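Structure, as structure tokens:
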Amino acid sequence: MKAGNVNTAISPRAHCSTGVDCSGFISHLWGLPFKWGTSVIFENTIPVAVGDMKTGDVFVKPNNHVLMFINETNKKISTFESTVFPGKVITSEHDRDWFEKKGYFPRLAFNACAERRG
12 MKAGNVNTAI
22 SPRAHCSTGV
32 DCSGFISHLW
42 GLPFKWGTSV
52 IFENTIPVAV
62 GDMKTGDVFV
72 KPNNHVLMFI
82 NETNKKISTF
92 ESTVFPGKVI
102 TSEHDRDWFE
112 KKGYFPRLAF
122 NACAERRG
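Quick note, the sequence shown lines up with residues 12 to 129 if you use my numbering.
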């Protein structure tokens, strides 16, 4: 299955770009029984400091996009995300401040263990 836009946000949709969107990808990785949209992900997770993020946590921009945190190396944060272009799951790398400038919130993975919730 390809990554891409599964709603009507991009019109016309090319069938080759229709597939699992960003929130569907995260929902699947978290083992949820159904897809949560980006706003639901934001509402059902709690904030975490960027420096305390672990693989599986997310950066979410409600009503827009979500990326899964992989790790931070040399002040660069690596993520997984499902994208419309190029229509697949990719890894990306950004400086810490990129996420805040773009309106993303760092959040704990859904059902993160109690010790991490503080």
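Glycine included, each C-beta is placed from N, C-alpha and C at the ideal position.
None of these values were measured; they are calculated from a predicted model.
CB of residue i within 9 Å of CB of residue j, strictly
i: VAL61; j: PHE110; result: yes
i: VAL100; j: SER89; result: no
i: ASN75; j: THR56; result: no
i: TYR115; j: LYS72; result: yes
i: ASN82; j: THR66; result: yes
Same chain, Cβ closer than 8 Å to residue i, neighbours up to 5 away in sequence not counted
i: PRO117; result: PRO58, VAL59, ALA60, VAL61, MET64, ASP68, VAL69, PHE70, PHE80, PHE110
i: ASN18; result: Low per-residue confidence applies at ASN18: pLDDT is 49, beneath 50, and the placement is therefore not dependable enough to give any value.
i: LEU43; result: PHE121
Span separating the alpha-carbon of residue i from that of residue j
i: TRP47; j: GLU54; result: 10 Å
i: ASP106; j: LEU40; result: 24 Å
i: LYS167; j: PHE45; result: Beyond the ends of the chain as shown, which are 12 and 129, falls residue 167; an answer cannot be given.
i: LEU78; j: SER103; result: 9 Å
Residues near residue i by beta carbon distance below 6 Å, same chain, minus five either side
i: VAL51; result: none
i: PHE36; result: SER93
Exposure of residue i, with buried meaning 16 or more beta-carbon neighbours within 10 Å
i: PHE91; result: buried
i: SER38; result: buried
i: TYR34; result: The residue you asked about is not Tyr; residue 34 is Ser in the sequence shown. Buried: at least 16 other Cβ atoms inside 10 Å.
Residue-level contact to chain B via CB, residue i, 9 Å cutoff
i: SER103; result: Considering every chain present, this structure includes no chain B. It has just one protein chain.
Of all the alpha helix (DSSP H) runs that stay within the bounds of the region 41 to 67, which reach a length of 4 or more residues?
49 to 54
Every unbroken alpha helix (DSSP H) within the region 82 to 108, with a cutoff of 4 residues, ordered by chain:
none
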